[in-house]
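Undergrad: Got a structure here, written out as structure tokens. Questions coming.
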Amino acid sequence: MTNYVKIFDTTLRDGEQSPGATMTSAEKLEVAHNLARLGVDVIEAGFPAASLDDLEAVRRIALEVGNPPAGSPDAKVPVIAGLARANKSDIDKAWEAVQGAKHPRIHTFLATSPIHMKHKLKMDPEEVIQRVSEMVAYAKSLCADVEFSPEDAGRSDPEFLYVVLGEAIKSGATTLNIPDTVGYTTPDEFYALIKGIIENTPGMHEGITVSVHCHDDLGMATANTLAGIRAGARQAEVTINGIGERAGNTSLEEVVMALKTRHPIFGLETGIETQQLSRISKLVSNYTGMTVQPNKAIVGANAFAHEAGIHQDGMLKHQGTYEIMRPEDVGVNQTKLVLGKHSGRHALRTRLAEMGHSLDEVELDKAFSRFKDLADRKKVITDLDLEAVIADEFYKPRDVFLLNGLQVSCGTMGMPTATVRLRGPDGVIHTQAAIGTGPVDATYKAIDQIVNVPCTLLEFNIHAITEGIDALGEVTVRIQSEGGSTTMDAQREVEYIRVYGGHGADTDIIVASAKAYINALNKLIIAQTEGTEKMKNDFGVMLG
Numbered sequence: 002m003t004n005y006v007k008i009f010d011t012t013l014r015d016g017e018q019s020p021g022a023t024m025t026s027a028e029k030l031e032v033a034h035n036l037a038r039l040g041v042d043v044i045e046a047g048f049p050a051a052s053l054d055d056l057e058a059v060r061r062i063a064l065e066v067g068n069p070p071a072g073s074p075d076a077k078v079p080v081i082a083g084l085a086r087a088n089k090s091d092i093d094k095a096w097e098a099v100q101g102a103k104h105p106r107i108h109t110f111l112a113t114s115p116i117h118m119k120h121k122l123k124m125d126p127e128e129v130i131q132r133v134s135e136m137v138a139y140a141k142s143l144c145a146d147v148e149f150s151p152e153d154a155g156r157s158d159p160e161f162l163y164v165v166l167g168e169a170i171k172s173g174a175t176t177l178n179i180p181d182t183v184g185y186t187t188p189d190e191f192y193a194l195i196k197g198i199i200e201n202t203p204g205m206h207e208g209i210t211v212s213v214h215c216h217d218d219l220g221m222a223t224a225n226t227l228a229g230i231r232a233g234a235r236q237a238e239v240t241i242n243g244i245g246e247r248a249g250n251t252s253l254e255e256v257v258m259a260l261k262t263r264h265p266i267f268g269l270e271t272g273i274e275t276q277q278l279s280r281i282s283k284l285v286s287n288y289t290g291m292t293v294q295p296n297k298a299i300v301g302a303n304a305f306a307h308e309a310g311i312h313q314d315g316m317l318k319h320q321g322t323y324e325i326m327r328p329e330d331v332g333v334n335q336t337k338l339v340l341g342k343h344s345g346r347h348a349l350r351t352r353l354a355e356m357g358h359s360l361d362e363v364e365l366d367k368a369f370s371r372f373k374d375l376a377d378r379k380k381v382i383t384d385l386d387l388e389a390v391i392a393d394e395f396y397k398p399r400d401v402f403l404l405n406g407l408q409v410s411c412g413t414m415g416m417p418t419a420t421v422r423l424r425g426p427d428g429v430i431h432t433q434a435a436i437g438t439g440p441v442d443a444t445y446k447a448i449d450q451i452v453n454v455p456c457t458l459l460e461f462n463i464h465a466i467t468e469g470i471d472a473l474g475e476v477t478v479r480i481q482s483e484g485g486s487t488t489m490d491a492q493r494e495v496e497y498i499r500v501y502g503g504h505g506a507d508t509d510i511i512v513a514s515a516k517a518y519i520n521a522l523n524k525l526i527i528a529q530t531e532g533t534e535k536m537k538n539d540f541g542v543m544l545g
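And the structure:
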């Protein structure tokens with residue numbers, strides 16, 4: 002059995018299904034480029050049958066990310082996968098989307114648990130076996146690389162799974178993915194399930210990859226994934242920051258660093274360049290508007306922070322007393338390179354390159370301008386400040402409305418008032434004043450009066466990037482569009498309301514708040530004007 006574990010990243014499919022985590026096509030393409038740079042083996046780029054926009058996004062990723070640049074080693078090019086339900090229409094759309102990749106894959110699935118077969122599929126076990134056989138064979142007729150998943154395998158009868166998976170192998174499946182779709186199993190149960198599948202599935206041989214896909218409903222996704230790997234699985238399906246349906250998916254960074262840090266236990270390798278983990282975590286967080294909690298393993302702000310006196314004393318004596326990983330291994334650079342208003346372009350370019358950001362001359366000019374502006378207000382610029390500047394400058398949609406000026410007044414003696422000046426898409430400057438319950442509320446009301454796009458503010462988060470009174474403030478918001486796209490299924494009409502995330506950073510927290518809100522509004526406007534609202538069918542409880 003190989004000692005290499007393939008990393009199958011589904012941030013762009015399963016992760017994007019997390020409420021509020023929707024990304025634009027351009028954002029998905031940028032994340033895909035970064036996943037390839039990270040070294041993932043498979044990128045599940047989306048669910049092409051979900052909408053024309055999703056199909057086009059997967060197609061672009063297949064063409065641009067799934068093809069090797071001239072002279073690059075073929076092994077470095079990731080497989081590009083598209084998800085499809087077990088029907089010909091979905092499989093055709095998946096193939097249409099991924100066929101331009103150097104290494105395309107069709108990933109099809111059908112539920113196998115009693116509760117899903119009875120209440121969702123309304124199929125008996127014999128019908129499920131027949132459908133799997135027919136649809137895997139159909140996918141195989143289009144694409145050499147076919148993955149099959151028995152949805153809700155964690156609650157399926159193991160003996161029935163052996164039969165279904167055996168039929169999938171006979172029909173041409175090369176990867177068998179075992180999903181704990183609702184995060185129900187414990188590590189011991191999942192280990193036994195994977196071990197039983199490897200030992201008892203008819204036709205199982207060395208050429209078949211067994212994969213695991215776990216959800217975190219009971220907080221055991223990473224533990225279950227590692228248990229499945231110990232039982233013999235050699236592909237892990239994961240997402241950046243663990244985003245995904247409900248409580249989320251197995252976190253890529255947790256699985257990879259567990260295998261690396263506990264190498265004597267697992268004896269397994271991955272192809273991930275772990276120094277990129279912190280950077281891509283920030284990228285995905287900014288694009289989805291989903292803030293990474295400070296105590297998140299590996300990539301959280303506090304993952305390598307020590308405040309307790311006894312911990313600090315131990316760290317000063319030997320780093321290994323309280324850190325089982327080096328922060329540098331995940332891209333958290335501890336070097337204290339002092340950057341300030343006297344620093345030049347070369348110093349900034351060098352520091353950004355060390356942090357994993359490769360900017361062209363135009364992008365460097367923009368970053369340097371923002372850097373100098375910040376340096377005029379803050380004596381020392383830290384790595385975290387630079388990450389916030391890069392995120393605010395580049396990880397955002399194109400400008401429809403742009404903040405051109407902001408003035409607020411507030412306090413106990415008067416009514417909070419904000420005057421906002423925005424540059425519109427036609428270049429015209431719009432000015433509006435509004436009164437609110439506080440300075441942020443007043444600012445948002447003034448922006449609403451200019452932009453005139455109905456929405457609801459669902460979430461507002463603010464935190465300081467660094468310590469000190471001159472700290473850079475970072476704000477993330479999530480807004481919900483009012484009204485939505487409507488689609489029909491066989492039983493009922495379903496209305497879908499989209500949620501958009503926004504990000505902003507500034508030494509002035511009111512300015513940061515305005516930037517974040519405008520960022521989210523721009524995403525909403527672009528989606529509406531370009532017709533990229535996804536007209537999704539009602540998929541019910543999907544693979545995950």
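Take 2 as the starting number for the sequence shown in the working numbering and just add one per residue. For each residue, glycine too, the CB sits at the ideal point set by N, CA and C.
#1: How is the beta strand (DSSP E) around R422 delimited, first residue to last?
#2: H296 lies in the alpha helix (DSSP H); which residues open and close that run?
#3: Assign Y5 to one of three DSSP states: helix, strand, or coil.
#4: Pairs of beta-carbons, one from the region 159 to 174 and one from the region 199 to 207, closer than 8 Å: are there three or more?
#5: For a test of the three-state rule: what should DSSP assign to R263, helix, strand or coil?
#6: If you draw a straight line from the alpha carbon of A248 to that of D217, how long is it in whole angstroms?
#7: How should Q492 be labelled, buried or exposed, when 16 other C-beta atoms within 10 angstroms of its C-beta is the threshold for buried?
#8: Is L407 helix, strand or coil by DSSP?
#9: Counting pairs of Cβ atoms below 8 Å between the region 96 to 114 and the region 142 to 154, do you hit three or more?
#10: Can a CB atom of chain B be found closer than 8 Å to the CB of P105?
#11: Could you name the residues of the same chain whose beta carbon sits closer than 6 Å to that of P420, not counting the 5 residues immediately before and after it, in chain order?
#12: Can the beta-carbon of T79 be found closer than 8 Å to that of V41?
#13: Spatial neighbours of Y288 within its chain, please: CB distance less than 7 Å, with the 5 preceding and 5 following residues excluded, ordered by chain position.
#14: Could you tell me how far apart the beta carbons of V500 and G67 are, in whole angstroms, since I believe they sit closer than 8 Å?
#15: Check whether the region 97 to 113 and the region 55 to 66 are in contact - that is, three or more C-beta pairs closer than 8 Å.
#16: Leaving aside the five residues before and after G94 along the sequence, list all residues of the same chain whose C-beta is less than 8 Å from its C-beta, in chain order.
#17: Applying the criterion that 16 or more other CB atoms from any shown protein chain within 10 Å of the CB defines a buried residue, is M416 buried or exposed?
#18: Would you kindly work out how many angstroms separate the C-alpha atoms of E483 and M221, rounded to a whole number?
#19: Is it the case that the Cβ atoms of L227 and V239 are separated by a distance below 8 Å?
#20: Taking the C-alpha atoms as reference points, what is the distance between Q313 and F305?
#21: Return the CA-CA distance between D507 and V452, expressed in angstroms with no decimal places.
#22: Assign N453 to one of three DSSP states: helix, strand, or coil.
#23: So which of T292, Q481, N250 and D449 has the shortest CA-CA distance to G16?
#24: Once DSSP output is grouped into helix, strand and coil, what is the label at N1?
#25: Where does the unbroken beta strand (DSSP E) through D507 begin, and where does it stop?
#26: Distance, Cα to Cα, I299 vs V256?
#27: Secondary structure at Q433, three-state DSSP: helix, strand or coil?
#28: What separation, rounded to the nearest whole angstrom, lies between the Cα atoms of E207 and I44?
#29: What are the start and end residues of the beta strand (DSSP E) that includes P236?
#30: For I195, which option in K171, S157 and S172 has the closest C-alpha, if you only look at C-alpha atoms?
#31: Are the CB atoms of I511 and V441 within a distance shorter than 8 Å?
#32: Comparing the CB of K141 with every heavy atom of the ligand ZN, is any distance shorter than 7 Å?
#33: What residue does the alpha helix (DSSP H) around I92 start on, and which one ends it?
#34: Considering D177, what are the terminal residues of the beta strand (DSSP E) in which it resides?
#35: Can you grab the Cα-Cα spacing for the pair V137 / P455, in whole Å?
#36: Round the Cβ separation of G290 and V476 to the nearest angstrom and send it over; I've been treating them as touching at under 8 Å.
TA: Inspection of the coordinates gives the following:
#1: Unbroken beta strand (DSSP E) run through R422: T418 to R424.
#2: As written in the sequence, residue 296 is Asn, which differs from the His given in the question. Per DSSP, N296 belongs to no alpha helix (DSSP H) and is neither H nor E.
#3: Residue state, collapsed to three classes: strand.
#4: The answer is yes - the region 199 to 207 touches the region 159 to 174, with three or more Cβ pairs under 8 Å.
#5: Residue state, collapsed to three classes: coil.
#6: The alpha-carbon atoms of A248 and D217 are separated by roughly 5 Å.
#7: Summary for Q492: the model assigns pLDDT 39, below 50, so the residue's position carries little reliability; its value from the coordinates is reported in the next sentence. With fewer than 16 Cβ atoms within 10 Å of its Cβ, Q492 is classed as exposed.
#8: Here L407 sits in strand by DSSP.
#9: A contact is defined here as three or more CB-CB pairs under 8 Å, and the region 96 to 114 meets this definition with respect to the region 142 to 154.
#10: Of the chains in the structure shown, none is chain B; there is only one protein chain.
#11: Checking the sequence shown, residue 420 turns out to be Thr, not Pro. Taken in chain order, the residues that qualify are Q408 and A434.
#12: Residue identity differs from the one stated: residue 79 is Pro in this sequence, not Thr. Against a cut-off of 8 Å, the Cβ pair of V41 and P79 comes out as a contact.
#13: Only residues of its own chain outside the window of five on either side were considered, and among them M24, E28, V32 and Y396 have a CB closer than 7 Å to the CB of Y288, listed in chain order.
#14: Here V500 is actually not in contact with G67; their C-beta atoms are around 29 Å apart, not less than 8 Å.
#15: Enough Cβ pairs lie closer than 8 Å, so yes.
#16: Looking at the sequence shown, residue 94 is not Gly but Lys. If the five residues before and after K94 are omitted, its C-beta is found closer than 8 Å to the C-beta atoms of P49, A50, L56, G83 and A85, all from its own chain and listed in chain order.
#17: Under this definition M416 is an exposed residue.
#18: Each residue's alpha carbon lies about 36 Å from the other.
#19: Between L227 and V239, the CB-CB gap reaches or exceeds 8 Å.
#20: In this prediction, Q313 has a pLDDT of 42, which is less than 50 and means its spatial position is unreliable; nothing more can be read from the coordinates.
#21: Between D507 and V452, the C-alpha separation is close to 22 Å.
#22: Of the three classes helix, strand and coil, the one that applies to N453 here is coil, per DSSP.
#23: Of the candidates T292, Q481, N250 and D449, the one whose C-alpha sits nearest the C-alpha of G16 is N250.
#24: The structure shown does not extend to residue 1, since the chain is modelled only from 2 to 545, so the question has no answer here.
#25: Unbroken beta strand (DSSP E) run through D507: V500 to D507.
#26: Approximately 10 Å, taken between the alpha carbons.
#27: Note: Q433 maps to strand in three-state DSSP.
#28: Roughly 23 Å separates the two Cα atoms.
#29: In the sequence under discussion, the amino acid at residue 236 is Gln, which differs from the Pro named in the question. Here the beta strand (DSSP E) through Q236 covers Q236 to V239.
#30: Closest by alpha carbon: S157.
#31: Remark: C-beta atoms of V441 and I511 approach each other more closely than 8 Å.
#32: In the structure on display, the ligand ZN does not appear, and there are no ligands present to speak of.
#33: K89 to V99 is the span of the alpha helix (DSSP H), which, as asked, contains I92.
#34: In the sequence under discussion, the amino acid at residue 177 is Leu, which differs from the Asp named in the question. DSSP places L177 inside the beta strand (DSSP E), whose first and last residues are T176 to D181.
#35: Rounded to the nearest angstrom, the gap between the Cα atoms of V137 and P455 is 45 Å.
#36: For G290 against V476, the beta-carbon gap comes to about 11 Å, at or over 8 Å, which does not count as contact.
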